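Residue numbers (the numbering used here), protein chains in the order written: chain A, 217 to 468; chain B, 206 to 784. Cβ coordinates follow ideal geometry from the N, Cα and C atoms, glycine included. Computed from a prediction, not measured in an experiment: that's the story for all the values here. So the structure is just underneath, and the comments pick up after that.
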Amino acid sequence: MADQIFHVFRGDAKGGDLKEYAVPPMEGMVVLDAMHHIQAHFDSTLACRWNCKAAKCGSCSAEINGKPRLMCKTRVDDFHGAPITVRPIKVFPLLKDLVTDVSWNYRVNKEIPPFTPSAEDARSKEWRMTPLDVERLFEFRKCIECFLCQDVCHVLREHHGTDRYYGPRFMVRIAALEMHPKDTLTRTDLLAGKGGIGYCNITKCCEEVCPESIHITDNAIIPLKERTADDHFDPWRALLRAFGGRKEPRGT
Amino acid sequence: MADWYDERQYDVLIVGAGGAGLRAAIAAADGGVSVGLVCKSLLGKAHTVMAEGGIAAALGNVDSQDNWEVHFGDTMRGGQMINDYRMVEFFAKEAPERVYELEHWGGLFDRTPDGRILQRPFGAHTYRRLCHVGDRTGLEMIRTLQDKAIHCGIDVHMEVTLTRLLKDGDRIAGAFGYVRETGRFVVFRAKAVVLATGGWGKLYKVTSNSWECTGDGCAMAYEAGAELMDMEMVQFHPTGMVWPPGVKGILVTEAVRGEGGILRNSEGERFMERYDPVKKDLSSRDVVARSIYKEVQAGRGTPHGGAWLEITHLDAEAIKRKLPSMWEQFHKLADIDITKSPMEVAPTIHYVMGGVRVEAGTGQSTVPGLFAAGEVAAGLHGANRLGGNSLSDLIVFGKRAGEHAAQYVKGVSGMPRVDDAQADEERTLLRRPFEGDGSENPYAVHEGLQAIMAEHAGIARTGEGLQQGLDKLLALQARAERLHVGGSMLFNPGWHECRDVRFMLTLAEAIFRCAIERRESRGSHWRLDFPDQNADWGQKNMIAVKENGRMAVRTRPVPQMPPELAKLVQGQTVVKSVR
Numbered sequence: 217m218a219d220q221i222f223h224v225f226r227g228d229a230k231g232g233d234l235k236e237y238a239v240p241p242m243e244g245m246v247v248l249d250a251m252h253h254i255q256a257h258f259d260s261t262l263a264c265r266w267n268c269k270a271a272k273c274g275s276c277s278a279e280i281n282g283k284p285r286l287m288c289k290t291r292v293d294d295f296h297g298a299p300i301t302v303r304p305i306k307v308f309p310l311l312k313d314l315v316t317d318v319s320w321n322y323r324v325n326k327e328i329p330p331f332t333p334s335a336e337d338a339r340s341k342e343w344r345m346t347p348l349d350v351e352r353l354f355e356f357r358k359c360i361e362c363f364l365c366q367d368v369c370h371v372l373r374e375h376h377g378t379d380r381y382y383g384p385r386f387m388v389r390i391a392a393l394e395m396h397p398k399d400t401l402t403r404t405d406l407l408a409g410k411g412g413i414g415y416c417n418i419t420k421c422c423e424e425v426c427p428e429s430i431h432i433t434d435n436a437i438i439p440l441k442e443r444t445a446d447d448h449f450d451p452w453r454a455l456l457r458a459f460g461g462r463k464e465p466r467g468t
Numbered sequence: 206m207a208d209w210y211d212e213r214q215y216d217v218l219i220v221g222a223g224g225a226g227l228r229a230a231i232a233a234a235d236g237g238v239s240v241g242l243v244c245k246s247l248l249g250k251a252h253t254v255m256a257e258g259g260i261a262a263a264l265g266n267v268d269s270q271d272n273w274e275v276h277f278g279d280t281m282r283g284g285q286m287i288n289d290y291r292m293v294e295f296f297a298k299e300a301p302e303r304v305y306e307l308e309h310w311g312g313l314f315d316r317t318p319d320g321r322i323l324q325r326p327f328g329a330h331t332y333r334r335l336c337h338v339g340d341r342t343g344l345e346m347i348r349t350l351q352d353k354a355i356h357c358g359i360d361v362h363m364e365v366t367l368t369r370l371l372k373d374g375d376r377i378a379g380a381f382g383y384v385r386e387t388g389r390f391v392v393f394r395a396k397a398v399v400l401a402t403g404g405w406g407k408l409y410k411v412t413s414n415s416w417e418c419t420g421d422g423c424a425m426a427y428e429a430g431a432e433l434m435d436m437e438m439v440q441f442h443p444t445g446m447v448w449p450p451g452v453k454g455i456l457v458t459e460a461v462r463g464e465g466g467i468l469r470n471s472e473g474e475r476f477m478e479r480y481d482p483v484k485k486d487l488s489s490r491d492v493v494a495r496s497i498y499k500e501v502q503a504g505r506g507t508p509h510g511g512a513w514l515e516i517t518h519l520d521a522e523a524i525k526r527k528l529p530s531m532w533e534q535f536h537k538l539a540d541i542d543i544t545k546s547p548m549e550v551a552p553t554i555h556y557v558m559g560g561v562r563v564e565a566g567t568g569q570s571t572v573p574g575l576f577a578a579g580e581v582a583a584g585l586h587g588a589n590r591l592g593g594n595s596l597s598d599l600i601v602f603g604k605r606a607g608e609h610a611a612q613y614v615k616g617v618s619g620m621p622r623v624d625d626a627q628a629d630e631e632r633t634l635l636r637r638p639f640e641g642d643g644s645e646n647p648y649a650v651h652e653g654l655q656a657i658m659a660e661h662a663g664i665a666r667t668g669e670g671l672q673q674g675l676d677k678l679l680a681l682q683a684r685a686e687r688l689h690v691g692g693s694m695l696f697n698p699g700w701h702e703c704r705d706v707r708f709m710l711t712l713a714e715a716i717f718r719c720a721i722e723r724r725e726s727r728g729s730h731w732r733l734d735f736p737d738q739n740a741d742w743g744q745k746n747m748i749a750v751k752e753n754g755r756m757a758v759r760t761r762p763v764p765q766m767p768p769e770l771a772k773l774v775q776g777q778t779v780v781k782s783v784r
């Protein structure tokens, strides 16, 4: 079999270009295998992140032939011998080669008020939550923080909106907290304000690239938009909130 | 301080941000001291994230007869009695509390119909004991701890590699290393250091471990004078993927067998009925791994040298619900639908039972101010770890190490002095691959190491083979003095590999030296020339320590259980090893 041609971005914040490598094919090879082959045999300075190689850690995100994907889950034989181009994800500042500065995401996560049970729950040792209570949250908890959804979010990618919108990853994170049966906080003020949920206009690009198949828009963002609208534009709910204090049960 | 490094200062420095590191950081911060956390990867990517099956804790939610005493007995028997019984006692008693705590911090588990935490069966656990979330329990645990830790007032330093512990006289003064992104050197001054750096599966080629598992913490502890214990005990998980080659070693969770999966040889025989008629496919990992190995040796292996693992007799939807990652993994990476076809599996390096010897209750090593928790610490699992006992190990002993480190620093007056000469010596070592006249490629040396380990320190060992392996290893260590890489210090994986390889070569030496000495078969250590367990060796732990610049190996008596604990282990015999 002929060598597989890869065009890999090499460079840093100052600039760079695609460089060609011919990698011997191997049955079942994924793009990450090829990057490791390049490091071990051609150029050990090629920078890329990876950890688990089993699509569980979300470290090896890249843009492969223009499409944001995990390198460990992208089979080389899917490209039928055509050259494969590997670039870093575009939305975050480039550090080197395939590695970008994703620290903004960690700062955002810190701004989200953490899980907060009631004082009564905090005191009791064992909680009862039925399968029905928790199962819809499992979808959100599957997120591996690969940030591919952030990469394709047009607010972040085209409009450089990191100062206005937290992005799909953190809508999922907030949804998991808001819909947790034992959480007592309401984060709709944050969503309407700094979280910037209004900027999302439901193009669903984030859902398309999610390697965990999380229905980010349908199951997280739209329900959060509804909650935010309720809290900010429904006068009765605003009153209830002003005098009630506790999070009321929601339909979605 | 010198101008060629940056300096940070904390009361307690935690190295590693997997389950043990994060839990230790939370505990130390609770103790009211300043805490810095350093990790080689981004936060939330540590190897813990890959744990699939569950957290073993005797909640008794599904099988009400389960309790800490049964968990204690199972763990001691699983470890074939060379475990530190005091650690096992703390562990079995405290694991349930630590699991409930995760839930109080927002973690979510699969549930029983009446709303309690659901538990599943796993190898060599008497009852259904593993709290789980489908097959992504590690992700749930790490995310829960991560989100708790970032609100605890600790500083997290991501993508920083520490390469040397600094000492002020006998006691710990901090650690030295570099920022991966820039290559800039950094000194962390600290009164106490907690190592939570995980294992060293990357010594082997066929491994379930990520790139980070190069044993930095254990090797740094050894260099700093700490005792290493039971280094010969390296666990082969029975079921790693074997095909296609790119995925070789990736783990197939024990939960597949927990949920009813059956192992068969090429003749369709359920061979575990012969090796362990009682527990069958859910026997302990050492027994199942050896059984697969024996089947392959006897010519009854699968096309790629393993066994078939079948779960097709279960309902397809149930499989996708209970084992979603496995379904996806085989579907995407091996073109196999596990609801319709069997999986091809073979033993893969998964875990190390050996590591830094620590005090049972505090996690303190033999070096004052140096603590260790999780996989890098030895003692809890003895000769073989039971599935699910790792995640509970992390949170039970992570908490204890963090707490005791905080307590320890309160008794330390003033920040220990950092000796710039130590940092300078390490800088010289780190820069040598750029500046020296060496010509060895670090990846080639790593491949050489993996070949030696596979050939001489694999699942079946002999004294002669181990000695040959050690000789080859010492020659390879000499080659590693002449590593060379190009490029700059900016995010340079080849350069990073140079230091990792040296750590791995040190630990490989400890594995060989301990394995040569232990002349018996016990747990994961299988000597073809000494195929039986030996009662004398059952009373000994192996110790490796640096003396006069060289590695010395000796034994240490296994702590003896008081009668009230000893009786918890009786009643069932220790599973006989497969000869």
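Residue range of the unbroken alpha helix (DSSP H) whose run includes residue i
i              : result
W513 (chain B) : Counting along the chain, W513 (chain B) falls outside any alpha helix (DSSP H), though it belongs to the beta strand (DSSP E) covering A512 to E515.
P439 (chain A) : I438 to F449
R718 (chain B) : P698 to E722
D249 (chain A) : V247 to H253
A426 (chain B) : D421 to E428
Buried versus exposed call for residue i [16 or more other C-beta atoms within 10 Å across all chains shown]
i              : result
V483 (chain B) : exposed
K312 (chain A) : buried
S726 (chain B) : buried
A261 (chain B) : buried
A338 (chain A) : exposed
I418 (chain A) : exposed
A720 (chain B) : buried
F602 (chain B) : buried
W209 (chain B) : exposed
L247 (chain B) : buried
T633 (chain B) : exposed
L348 (chain A) : exposed
A849 (chain B) : Only positions 206 to 784 of chain B appear in the structure, and residue 849 (chain B) is not among them; the question remains open.
M206 (chain B) : exposed
Segment limits, beta strand (DSSP E) that includes residue i
i              : result
L286 (chain A) : K283 to L286
F225 (chain A) : Q220 to D228
A395 (chain B) : F390 to L400
Residue j beta carbon less than 7 Å from that of residue i
i              : j              : result
D447 (chain A) : T404 (chain A) : yes
A577 (chain B) : S570 (chain B) : yes
W416 (chain B) : E549 (chain B) : no
K306 (chain A) : C288 (chain A) : no
Q176 (chain B) : K410 (chain B) : Here chain B comprises residues numbered 206 to 784, so residue 176 (chain B) is not present and cannot be evaluated.
A191 (chain B) : L733 (chain B) : Outside the shown range of chain B (206 to 784) lies residue 191 (chain B), about which nothing can therefore be said.
P450 (chain B) : M242 (chain A) : yes
H442 (chain B) : T368 (chain B) : no
V690 (chain B) : L400 (chain B) : no
V302 (chain A) : I328 (chain A) : no
Y237 (chain A) : F225 (chain A) : no
P384 (chain A) : C362 (chain A) : no
Residue closest to residue i, alpha-carbon to alpha-carbon, out of the options
i              : options                           : result
K358 (chain A) : B:M255, B:H362, B:E302 and B:D520 : B:M255
R344 (chain A) : B:R348, B:P326, B:E308 and B:L335 : B:E308
T157 (chain B) : B:V617, B:I600, B:E500 and B:G422 : Coverage of chain B is limited to positions 206 through 784, which leaves residue 157 (chain B) absent and any answer about it impossible.
L538 (chain B) : A:L310, A:D317 and A:V292         : A:V292
G546 (chain B) : B:M558, B:L514 and B:S530         : In the sequence as displayed, the identity of residue 546 (chain B) is Ser instead of Gly. The shortest Cα separation from S546 (chain B) among B:M558, B:L514 and B:S530 belongs to B:L514.
V492 (chain B) : B:R505, B:L468 and B:R704         : B:L468
Pairing CB atoms from the stretch 618-634 of chain B with CB atoms from the stretch 329-345 of chain B, are three or more of them under 8 Å? no
Does the stretch 428-435 of chain B come close enough to the stretch 551-562 of chain B that 3 or more CB-CB pairs lie under 8 Å? yes
Between the stretch 383-397 of chain B and the stretch 253-272 of chain B, do at least 3 Cβ pairs fall closer than 8 Å? no
Inter-stretch contact at 8 Å, needing at least 3 Cβ pairs: the stretch 368-380 of chain B / the stretch 342-360 of chain B: no
Three CB pairs or more closer than 8 Å across the stretch 599-613 of chain B and the stretch 231-242 of chain B: yes
Counting pairs of Cβ atoms below 8 Å between the stretch 274-293 of chain B and the stretch 587-601 of chain B, do you hit three or more? yes
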